[in-house]
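S.K.: Just so you know, the sequences run in chain order W and S.
Here the numbering used here is used: the first residue of the first sequence is 5, the next is one more, and so on.
Here the numbering used here is used: the first residue of the second sequence is 5, the next is one more, and so on.
All residues carry an ideal CB built from backbone N, CA and C; glycine is no exception.
None of these values were measured; they are calculated from a predicted model.
2 protein chains.
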Amino acid sequence: MTRYLLERPHTLVPLTFFADRYDSAKSSISEDLTILKRTFQDRGTGLLETIPGAAGGTRFLPYMLKEEANVVIADLATQMATADRYLPGGYVYMSDLLGDPAVLRQIGRIFATQYLNQRVDAVMTIATKGVPIAQSVASLLNVPFVIVRHDTEITEGSTVNVNYVSGSSTRIEKMSLSKRSLKPGANVLIVDDYMRGGGTISGMISMVQEFDANLVGIGVVAESSDHPNRKIGEYTSLLRVDANDDTVTAVPGNYFEQIYQ
Amino acid sequence: MTRYLLERPHTLVPLTFFADRYDSAKSSISEDLTILKRTFQDRGTGLLETIPGAAGGTRFLPYMLKEEANVVIADLATQMATADRYLPGGYVYMSDLLGDPAVLRQIGRIFATQYLNQRVDAVMTIATKGVPIAQSVASLLNVPFVIVRHDTEITEGSTVNVNYVSGSSTRIEKMSLSKRSLKPGANVLIVDDYMRGGGTISGMISMVQEFDANLVGIGVVAESSDHPNRKIGEYTSLLRVDANDDTVTAVPGNYFEQIYQ
Chain W
5 MTRYLLERPH
15 TLVPLTFFAD
25 RYDSAKSSIS
35 EDLTILKRTF
45 QDRGTGLLET
55 IPGAAGGTRF
65 LPYMLKEEAN
75 VVIADLATQM
85 ATADRYLPGG
95 YVYMSDLLGD
105 PAVLRQIGRI
115 FATQYLNQRV
125 DAVMTIATKG
135 VPIAQSVASL
145 LNVPFVIVRH
155 DTEITEGSTV
165 NVNYVSGSST
175 RIEKMSLSKR
185 SLKPGANVLI
195 VDDYMRGGGT
205 ISGMISMVQE
215 FDANLVGIGV
225 VAESSDHPNR
235 KIGEYTSLLR
245 VDANDDTVTA
255 VPGNYFEQIY
265 Q
Chain S
5 MTRYLLERPH
15 TLVPLTFFAD
25 RYDSAKSSIS
35 EDLTILKRTF
45 QDRGTGLLET
55 IPGAAGGTRF
65 LPYMLKEEAN
75 VVIADLATQM
85 ATADRYLPGG
95 YVYMSDLLGD
105 PAVLRQIGRI
115 FATQYLNQRV
125 DAVMTIATKG
135 VPIAQSVASL
145 LNVPFVIVRH
155 DTEITEGSTV
165 NVNYVSGSST
175 RIEKMSLSKR
185 SLKPGANVLI
195 VDDYMRGGGT
205 ISGMISMVQE
215 FDANLVGIGV
225 VAESSDHPNR
235 KIGEYTSLLR
245 VDANDDTVTA
255 VPGNYFEQIY
265 Q
C-alpha cells in the first residue's frame, strides 16, 4: 500500500481499490491508512489526505519539511561552491549534480512542496539541462512535462515559435514548442536550471501566453546575484550561485520566503 | 522502511541503520524485512536482497515481471499506433508519452530489470528526448546519467567531440560530451528514444570508446523496422514503430528475447 501510494503522488485512490487488492475490509484499510498517515507525517515524507464519501479515497501529497529543505540546500550549496566548477566567462559547471537522481529527487520534493495545494496541469522547461528538473517535479506532482526547444525538430510536428532576447548575450533567439503539447487554459509551472538575465524564462512566459495557458509559478535551481535588466516577477530559486575571479560562491536562494512562509 | 528502500534502489542499507532509526532490535528489523521481501516478490515490485555479515545489509533491486512488462508494452503500442502521431517524412510524434512520468517509470523499470545483476556506472543518452528515459533508468539503477549534446555549450566546460553519420540524412554531424562527465573504465549503458539508421547510437558508442569506458548495453524505446545500413550489434528495443502512408504501426520490439530469457 505504501509503495502503491508513493508511486502515484497526487492521485486519488478509492479505499475500495485497496480493499479488493488486499482482500480486506474497508475498516482495516482505513486503520492501516491512519498508521501510514502518522508515519508519513512523523518522517516528513508528505501528507496522506483522506477524502470521505462515495467519490472519495486517499491521496499522497509529497512534501519536504523546512528543516530538511534547509539541510538539502546547504548541502547543495557546499557541493556547488568548489573552484573546479568555475568555467571561463563566469559560468558554473553543474551537469554532474543535475545528472544525479538523488539530488534531482530532493529538488523535485522541494518544488512539489510549493505546489502542494495548487493546481498544476503541466511543467514546462527548456532543453537541455532543465529537462531532468522538470521530470523530477512533474513526477512528484503527477503531471506531464513539456520541453521547449531552441531548434525546431521534425519529430515535434507543427510548433509555436517565440523570439526572445537572451539576456547574457543580448542576441535575439528563437524557442519552439510543439503545438500539441499544451491545452488552452492549462496551469503551467516553469522550471529551469539557471537564471541569469531571465531572458529564457521571459521567453517561456511568452510561450505560456501564446498557448492561452496560465502561469502558476517559476522555479529555478540557481540564480545569479548579478542580473542586469532582469524583468521577471515572482519566482523561486533554491540557490544563488556566482562565478567570479576563478571561484564559485553559492548561498541559499529565496526559496525560504517563497515556499516555507 | 518501505519508503526508505524504495527511494534508494541498488543501495546497500545496513540493518543497524534501521535498528537505530526505528529504535528496534536487529532481529525484529530482520523479521520485518522478510515480510517486505515476500510482499515485493508477490507484487512483482523487485528483489529485496540480504547480504549477511558485518559489511552486509539489505538492498532493493527493482524489476518488472514478464507478465507485467507484456501488458505495459502492449498498452504503449496501442497508445503509439494512432494516425494522429504520423508526421510528414515518416516520423512519429511521441513527446507526450516521453513527458508522462507514469510511462517513464514503467520504461525505466523494464530496462532496470535487464541490468538487475550487471554493474552499470552511468547511463548515457543524447539530448533532448533521450534525457527523460536516461533519468528514469538511472534513477532506478541509482547511478548518474550523462547527456551527450549536438551543440557545444559553454556551461559544459571542455568537451570531447565525435563525428558521426546521421543515418536518416547521411550527413556528417557532431556530438559532444563534457570531459568531466565520465571516468575511464566506467560501465556505460546507452539509452535513447528512437533508433532508425542507428547513426546516433554509433556516435555514442564511439563516445564511450573515446572516454576509455565500457559499453554494457544499448536500450531504445522504439526502433524502426526499416533500417538501411544499420550497423549496431546487440541492443534492446521495447517497441517497433513505423510510420508509412499517414499511419503509424507499433508492435513489441526485441525486449522479450533480450530481457526475459
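Looking at the strands, I want to know which residues DSSP matches up with Val169 of chain W.
M.R.: Here residue 169 of chain W refers to the residue found at position 165 when the first sequence is read from its first residue. Paired residues: W:Ile176.
S.K.: Pull out every residue of the stretch 127 to 153 of chain S whose Cβ sits closer than 7 Å to any Cβ of chain W, in chain order.
M.R.: Those would be Ala131, Thr132, Val135, Pro136, Gln139, Ala142, Ser143, Asn146, Pro148, Phe149, Val150, Ile151, Arg153, in chain order.
S.K.: Can Met68 of chain W and Thr117 of chain W be called in contact, C-beta distance under 7 Å?
M.R.: The residue labelled residue 68 of chain W in the question sits at position 64 within the first sequence. The residue labelled residue 117 of chain W in the question sits at position 113 within the first sequence. Result yes, Cβ atoms of Met68 of chain W and Thr117 of chain W sit closer than 7 Å.
S.K.: For Asp230 of chain S, go through chain W and note every residue whose CB falls closer than 8 Å to its CB, in chain order.
M.R.: Start at 1 with the first residue of the second sequence, and residue 230 of chain S comes out as number 226. Result: empty, since nearest Cβ-Cβ is about 16 Å, beyond 8 Å.
S.K.: Are the C-beta of Phe55 of chain S and some C-beta of chain W separated by less than 7 Å?
M.R.: Within the second sequence, the letter at position 51 stands for residue 55 of chain S. Reading the sequence as shown, one finds Ile at residue 55 of chain S and not Phe. No, its Cβ sits nowhere closer than 7 Å to a Cβ of chain W.
S.K.: Are the C-beta atoms of Thr86 of chain W and some chain S residue less than 7 Å apart?
M.R.: Position 82 of the first sequence, counted from the first residue, corresponds to residue 86 of chain W. Chain S, which has no Cβ nearer than 7 Å to the Cβ of Thr86 of chain W, makes this no.
S.K.: List, from N- to C-terminal side, the alpha helix (DSSP H) runs of 4 residues or more that fit wholly inside the stretch 103 to 130 of chain W.
M.R.: As far as the stretch 103 to 130 of chain W is concerned, its whole alpha helix (DSSP H) runs of at least 4 residues are 105 to 118.
S.K.: Below 7 Å on C-beta distance, what does Tyr95 of chain W contact in chain S?
M.R.: What you label residue 95 of chain W is simply residue 91 of the first sequence in a count that begins at 1. Ile158, Thr159, listed in chain order.
S.K.: Assuming the contact rule is C-beta atoms closer than 8 Å, Val135 of chain W and Ile158 of chain W should be a hit. Round their C-beta distance to whole Å, please.
M.R.: Position 131 of the first sequence holds residue 135 of chain W. Position 154 of the first sequence holds residue 158 of chain W. Contact flag wrong, Cβ pair sits at about 19 Å.
S.K.: In chain W, what lies closer than 9 Å to Arg184 of chain S by C-beta?
M.R.: Counted from its first residue, the second sequence places residue 184 of chain S at position 180. Those are Asp88, Tyr97, Ser99, Asp100, listed as they occur along chain W.
S.K.: Given a cut-off of 7 Å on the beta-carbon distance, is the pair Asp125 of chain W and Asn74 of chain W in contact?
M.R.: Against the first sequence, residue 125 of chain W aligns to sequence position 121. Against the first sequence, residue 74 of chain W aligns to sequence position 70. No, these two residues do not count as a Cβ contact at 7 Å.
S.K.: If we count the other Cβ atoms within 10 Å of its Cβ and call it buried at 16 or more, is Asp196 of chain S buried or exposed?
M.R.: Taking the second sequence and counting its residues from 1, one reaches residue 196 of chain S at position 192. Under this definition Asp196 of chain S is a buried residue.
S.K.: With which residues is Tyr63 of chain W paired in a DSSP beta bridge?
M.R.: Position 59 of the first sequence holds residue 63 of chain W. Checking the sequence shown, residue 63 of chain W turns out to be Arg, not Tyr. Paired residues: W:Glu53.
S.K.: Roughly how many whole angstroms lie between the Cα atoms of Leu52 of chain S and Val252 of chain W?
M.R.: For the purposes of this step, residue 52 of chain S is taken as residue 48 along the second sequence, with counting starting at 1. For the purposes of this step, residue 252 of chain W is taken as residue 248 along the first sequence, with counting starting at 1. Going from the Cα of Leu52 of chain S to the Cα of Val252 of chain W covers about 42 Å.
S.K.: What does Glu227 of chain S pair with, by DSSP beta-bridge criteria?
M.R.: Position 223 of the second sequence, counted from the first residue, corresponds to residue 227 of chain S. S:Met199, S:Arg244, per the DSSP bridge assignment.
S.K.: Quick one: which chain W residues come within Cβ less than 9 Å of Arg3 of chain S?
M.R.: Past the boundaries of the shown model lies residue 3 of chain S; chain S is included only from 5 to 265, so the question cannot be answered.
S.K.: Looking at the strands, I want to know which residues DSSP matches up with Ser206 of chain W.
M.R.: Counting from one through the first sequence, the residue named residue 206 of chain W turns up at place 202. Note: Ser206 of chain W sits in no beta bridge, so no partner.
S.K.: Just the Cα atoms here: how many angstroms apart are Glu72 of chain W and Ser206 of chain W?
M.R.: Looking up residue 72 of chain W in the first sequence gives position 68. Looking up residue 206 of chain W in the first sequence gives position 202. Approximately 31 Å between the Cα atoms of the pair.
S.K.: Looking at chain W, is there any beta carbon in it that lies within less than 7 Å of the beta carbon of Arg1 of chain S?
M.R.: Since the displayed chain S opens at 5 and closes at 265, residue 1 of chain S lies outside it and no answer follows.
S.K.: Hey, how far is the Cα of Glu227 of chain W from the Cα of Leu9 of chain W?
M.R.: On the first sequence, residue 227 of chain W is found 223 positions in, with the first residue counted as 1. On the first sequence, residue 9 of chain W is found 5 positions in, with the first residue counted as 1. Cα to Cα, Glu227 of chain W sits roughly 34 Å from Leu9 of chain W.
S.K.: Residues of the stretch 100 to 116 of chain S in Cβ contact with chain W at a cutoff of 8 Å, in chain order, please.
M.R.: Going along the stretch 100 to 116 of chain S in chain order, one finds Asp100, Gly103, Asp104, Pro105, Ala106, Leu108, Arg109 with a Cβ nearer than 8 Å to chain W.
S.K.: Mind checking whether the beta-carbon of Ala58 of chain S lies closer than 6 Å to any heavy atom of the ligand SAH?
M.R.: Of ligands this structure carries none, so the ligand SAH is not represented either.
S.K.: At the 7 Å Cβ level, is Thr253 of chain W part of the contact set with chain S, yes or no?
M.R.: Taking the first residue of the first sequence as position 1, residue 253 of chain W is located at position 249. By this cut-off, Thr253 of chain W is not an interface position.
S.K.: Just reading off the alpha helix (DSSP H) that Val135 of chain W is part of, what are its end residues?
M.R.: Along the first sequence, read from residue 1 onward, the residue named residue 135 of chain W stands at position 131. Start and end: 134 to 145.
S.K.: Val255 of chain S bridges to which residues according to DSSP?
M.R.: Here residue 255 of chain S refers to the residue found at position 251 of the second sequence. Paired residues: S:Arg244.
S.K.: With 7 Å set as the bound, which would you pick, yes or no: does the beta-carbon of Arg7 of chain W sit closer than that to a beta-carbon of chain S?
M.R.: Numbered from 1 along the first sequence, position 3 holds the residue referred to as residue 7 of chain W. Yes, contact with chain S.
S.K.: Could you name the residues of chain W that Thr49 of chain S contacts, counting a contact when the two beta carbons are closer than 9 Å?
M.R.: For the purposes of this step, residue 49 of chain S is taken as the residue at position 45 of the second sequence. Arg7, listed in chain order.
S.K.: Grab the span of the beta strand (DSSP E) containing Phe215 of chain S for me, first residue to last.
M.R.: Reading the second sequence from its first residue, position 211 is the one you call residue 215 of chain S. That residue, Phe215 of chain S, is in no beta strand (DSSP E); it is neither H nor E in DSSP.
S.K.: For a contact defined as C-beta to C-beta under 9 Å, what are the partners of Glu11 of chain W on chain S?
M.R.: For the purposes of this step, residue 11 of chain W is taken as the residue at position 7 of the first sequence. Here the neighbours are Leu10, Ala106, Arg109.
S.K.: Measure the alpha-carbon distance for Asp88 of chain S versus Val96 of chain S and round it to whole angstroms.
M.R.: Indexing the second sequence from 1 puts residue 88 of chain S at position 84. Indexing the second sequence from 1 puts residue 96 of chain S at position 92. Roughly 9 Å separates the two Cα atoms.
S.K.: Alpha helix (DSSP H) containing Val75 of chain S: first to last residue?
M.R.: Counting from 1 along the second sequence, the entry for residue 75 of chain S is found at position 71. Val75 of chain S -> alpha helix (DSSP H) spans 70 to 84.
S.K.: Taking 8 Å as the threshold, find out whether the stretch 202 to 221 of chain S comes into contact with the stretch 236 to 245 of chain S through three or more Cβ pairs.
M.R.: As far as the Cβ criterion goes, the stretch 202 to 221 of chain S touches the stretch 236 to 245 of chain S, which means the pair count is three or higher.
S.K.: Do Thr49 of chain S and Thr62 of chain S have their CB atoms nearer than 7 Å?
M.R.: As a working mapping, residue 49 of chain S is identified with position 45 in the second sequence. As a working mapping, residue 62 of chain S is identified with position 58 in the second sequence. It is not a contact, given that the beta carbons lie outside the stated cut-off.
S.K.: Relative to the C-alpha of Gln110 of chain W, which candidate in W:Ala85, W:Lys70, W:Ala131 has its C-alpha closest?
M.R.: The count along the first sequence starts at 1 and reaches residue 110 of chain W at position 106. Of W:Ala85, W:Lys70, W:Ala131, the residue nearest in Cα terms is W:Lys70.
S.K.: By the 8 Å beta-carbon criterion, what residues does the stretch 13 to 42 of chain W contribute toward chain S?
M.R.: Residues passing the 8 Å Cβ filter: none.
S.K.: By Cβ distance below 6 Å, which residues in the same chain neighbour Arg262 of chain S in space, the five residues on each side in sequence not counted?
M.R.: For the purposes of this step, residue 262 of chain S is identified with residue 258 of the second sequence, where counting begins at 1. First, the residue type needs correcting, since residue 262 of chain S is Gln and not Arg in the sequence shown. Excluding positions up to five away in sequence, the list reads Thr240.
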